[in-house]
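Presented below is the structure to which this report refers.
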Amino acid sequence: MANVTIRNLNKKYDGGFHAVKDVNLEIRDKEFVVLVGPSGCGKTTTLRMVAGLEEITSGEILIGTRVINDLPPMDRDIAMVFQNYALYPHKSVYQNMAFGLQMRKYPKDEIEKRVREAADILGIGPLLERKPRQLSGGQRQRVAVGRAIVRHPQVFLFDEPLSNLDAMLRVQMRVELKRLHERLETTAIYVTHDQVEAMTLGDRVVVMKDGWVQQVGEPLELYGKPANKFVAGFIGSPAMNFVGVAITDLGGVLWADAEGLRLKVPPQMAERVRAHAGKRITLGVRPEALHPATGSDHADYSFDTAVDVVEPLGNEILVNFRAGGAPMVARVDPAVRVKAHQAIRVALDPERVYFFDEKSGAAI
Amino acid sequence: MLIERKWKKWIFFYIPMTVFILFTLFPFYWMAVTAVRPDPELYRTWRQASATPFWTLEPTLEHFRELLKTTAFPQWLWNTMLIAIVSTIISLICGMFAGYALARLKFRGSEFLGTAIFVTYLVPQTLLFIPLADIIREMHLGNTPWALMLTYPTFLIPFCTWLLMGYFKTIPKELEECARIDGATRFGAMVRIIFPVAIPGILSAGIFAFTLSWNEFIYALIFMSSAELKTVPVGVVSELIRGDIFFWGQLMAGALLGSIPVALVYSFFVEYYVTGLTGSVKG
């Protein structure tokens, strides 16, 4: 078991593409860290550099106190689960799981013991004699995980392991992976482009974009206090609503104005927003912080609009409308009856309004 | 388009298919029928009233008997087999490593090297035999099986390399990466994981190489002079066409016997052979 330290990590490809830029990360022992971001954000490249499959352009990676930059993958004491599982097609499930131990010259009975143990944990005991092509997607996934855990490595690396599964199985495997991590207590680095996976699995989540780390934090911290507009829009589904607003100072009270929209800047934000008076900034509000206005909602925090599309999901309703020249979504209680094209007054929760710098996107 | 008319299927599929099959199989049939046709039937004109050019009513094994008695045919068969097997093995080994390197390793000039290897395959043998003959003579290899065992790989290696390179590229590289994390070296991952997975490709390359060397004519004709060292294609042609006399029966008997080993090899590996040409397994 070990912690993983990444210092000023950079990856530049021969073609000049700068895939990973100055990544710094301290992953604690037994921690489950998820790297998440859109495709091409450098998350997989970072993982592959930790695995030793990609050369490091500059920077350092340490497992424990050992710099592993120049160690071949086999000497890093890691195990990796690939997106396409990468099971050896000509070997049986048992041989697939035993291969890593055989290469390390473990005694036969020890291999047998460990493979059986891992197979029991994952519920693939009856499949040990089968070939990978005789397995379903979910079973292959389990074998790939089993192959990683028999080795008892210091660090687990997961490269989008659930992407090839159908939606139902993915949810199920997600829970199993989380349970497995609790049981094994091994440091894990997990790459995904799915923010739900990231939020549910990670002790901490690293959001990346264009090779830069945008924010590192616990899932609820990312959700509650996004460092910038990108993180705010990436975490949460449906995504946060954004409207460009102009800030005006009317006798000491700050107002955010957009086309057909005037909202009071909540008092707890006023101090920070004041510096932007007279300028344009971006207002962000999550769909769950919007609801149809009732008598108790303050007029300063509500506005009139017309419903565009209604998406009834059963446990909630997504109401689409336009406000301040931007499309918006509200996530409302299914008991609320709204119809398309109906006029509606929407209120927002003043405690849950965000402001972002228009240019840099940084949270204000 | 969903409801296909029956006559359409006949016109666009069954009839052209039948014509094609008849066209390709006819030479084989002709070879077989000539091999068992008695001499008097072979050498009389077709215009004769009783002529049956497409079949024979009195099949005979006389030509086979004559072939085995008057020529060194069994010896030729053995020579051809030995030379084809050795040159196939040499070419496969070189082709596997070269193909792997070109498919997987990134090194300066790898693309150029790949193209260069392919270009050597394109140089016609009818030109290459001249310098090769010189080299064979210099090395005192003329009129020994080694002359062919070492010259056949000159066209077999490029061929195997290209076929296997294509096959290796279809194998997901994660398989290898996983093996390297599991504790194998690059070489170990290649030998333990990639080669076993590539068996269909390796077999089809092997079958092709075997057939090509089995049928090879020019080098065998030029580098081998003694009758007992000849290969089947050269032996049959040089010993059974004397001046302007063609011993058709024995020629065809030799051709028929000579094609049996190749046909056997194909039929044994036909399944691998098809997957080898159409792509690899999924991980």
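Listed in order, the protein sequences are those of chains A and B. Residues 0 to 363 (the numbering used here) make up the first sequence, in order. Residues 412 to 694 (the numbering used here) make up the second sequence, in order. We put the beta carbon where it would ideally sit given N, CA and C, even for glycine.
Have a look at the DSSP bridge pairing and note the partners of residue i.
i, result
"Q214 (chain A)", "A:V206"
"Y189 (chain A)", "A:V33, A:F157"
"L8 (chain A)", "A:V22"
"T304 (chain A)", "A:I343"
"D165 (chain A)", "D165 (chain A) is not bridged to any residue."
"F657 (chain B)", "B:I652"
"E310 (chain A)", "A:L317"
"M327 (chain A)", "A:F320"
"G283 (chain A)", "A:F241, A:Y353"
"D256 (chain A)", "A:A245, A:R261"
"E128 (chain A)", "Per DSSP, none; premise fails for E128 (chain A)."
"M79 (chain A)", "A:L156"
"N227 (chain A)", "A:A361"
"L61 (chain A)", "A:T4, A:V66"
"L503 (chain B)", "L503 (chain B) pairs with nothing; no bridge assigned."
Strictly below 8 angstroms CB to CB, what residues from chain B border residue i?
i, result
"A117 (chain A)", "Here the premise fails: no neighbours, minimum Cβ distance about 14 angstroms."
Near residue i, what residues of its chain come up, given a Cβ to Cβ distance below 7 angstroms and the 5 sequence neighbours on each side ignored?
i, result
"K419 (chain B)", "none"
"R27 (chain A)", "N2"
"L70 (chain A)", "G51"
"R336 (chain A)", "none"
"A329 (chain A)", "P286, L289, H290, V318, V345"
When the Cα atoms are used, what is the spatial distance from residue i to residue j?
i, j, result
"V647 (chain B)", "D450 (chain B)", "18 angstroms"
"E159 (chain A)", "E54 (chain A)", "20 angstroms"
"A255 (chain A)", "M167 (chain A)", "43 angstroms"
"T381 (chain B)", "E452 (chain B)", "Because chain B is modelled from 412 through 694, residue 381 (chain B) falls outside the range shown and cannot be assessed."
"N490 (chain B)", "F628 (chain B)", "13 angstroms"
"R6 (chain A)", "S57 (chain A)", "9 angstroms"
"L479 (chain B)", "P470 (chain B)", "18 angstroms"
"G520 (chain B)", "A512 (chain B)", "12 angstroms"
"V142 (chain A)", "R150 (chain A)", "13 angstroms"
"N626 (chain B)", "M601 (chain B)", "32 angstroms"
"A342 (chain A)", "C589 (chain B)", "58 angstroms"
"T45 (chain A)", "W573 (chain B)", "34 angstroms"
"L472 (chain B)", "W557 (chain B)", "35 angstroms"
"R273 (chain A)", "V345 (chain A)", "25 angstroms"
"V309 (chain A)", "R591 (chain B)", "52 angstroms"
Evaluate residue i with the Cβ neighbour count: other Cβ atoms within 10 Å of its Cβ, from every protein chain shown; 16 or more gives buried, anything less gives exposed.
i, result
"R173 (chain A)", "buried"
"I60 (chain A)", "buried"
"Q153 (chain A)", "buried"
"V681 (chain B)", "exposed"
"L282 (chain A)", "buried"
"N314 (chain A)", "exposed"
"F437 (chain B)", "exposed"
"D593 (chain B)", "buried"
"Q459 (chain B)", "exposed"
"H297 (chain A)", "exposed"
"T481 (chain B)", "exposed"
"M428 (chain B)", "exposed"
"G216 (chain A)", "buried"
"L312 (chain A)", "exposed"
"Y684 (chain B)", "buried"
"I547 (chain B)", "buried"
"P266 (chain A)", "exposed"
"F355 (chain A)", "buried"
Starting from the beta carbon of residue i, find every residue of chain B whose beta carbon is closer than 7 angstroms, and list them in chain order.
i, result
"G99 (chain A)", "D593, G594"
"M102 (chain A)", "D593, G594, A595"
In chain A, which residues lie with their C-beta within 8 angstroms of the C-beta of residue i?
i, result
"E588 (chain B)", "A50, L52, P72, M79, F81, A85"
At a CB-CB cut-off below 9 angstroms, which residues of chain A make contact with residue i?
i, result
"I604 (chain B)", "Y87, H89, K90, F98"
"V643 (chain B)", "None at all; the shortest Cβ gap to chain A is about 36 angstroms."
"I608 (chain B)", "For clarity, residue 608 (chain B) is Val in the given sequence; the question names Ile instead. Here the neighbours are Y87, P88, H89."
Once the 5 residues before and after residue i are set aside, which same chain residues still bring their CB inside 8 angstroms of it?
i, result
"A527 (chain B)", "none"
"Y87 (chain A)", "Q94, N95, F98, P131"
"K20 (chain A)", "N9, G41, D209, G210, W211"
"A595 (chain B)", "R603, I604"
"R139 (chain A)", "Y84, L86, P131"
Residues of chain A with a CB under 7 angstroms from the CB of residue i: which are they?
i, result
"E585 (chain B)", "F81, N83, A85"
"V685 (chain B)", "Going along chain A, no residue has its Cβ under 7 angstroms from V685 (chain B), so there is no contact; the nearest lies around 17 angstroms."
Note down, in chain order, every chain D residue with its Cβ under 9 angstroms from the Cβ of residue i.
i, result
"P611 (chain B)", "In the displayed structure, chain D is absent; the protein chains listed are A and B."
Is residue i a contact residue of the ligand HEM, with contact defined as CB to any heavy atom under 8 angstroms?
i, result
"E54 (chain A)", "With respect to the ligand HEM, the structure shown offers nothing to examine, as it has no ligands at all."
Sorted by chain position, which residues of the same chain lie with C-beta nearer than 6 angstroms to residue i's C-beta, five sequence neighbours on each side aside?
i, result
"M560 (chain B)", "I494, V497, S498"
"A325 (chain A)", "V242"
"T531 (chain B)", "P569"
"E373 (chain A)", "Only positions 0 to 363 of chain A appear in the structure, and residue 373 (chain A) is not among them; the question remains open."
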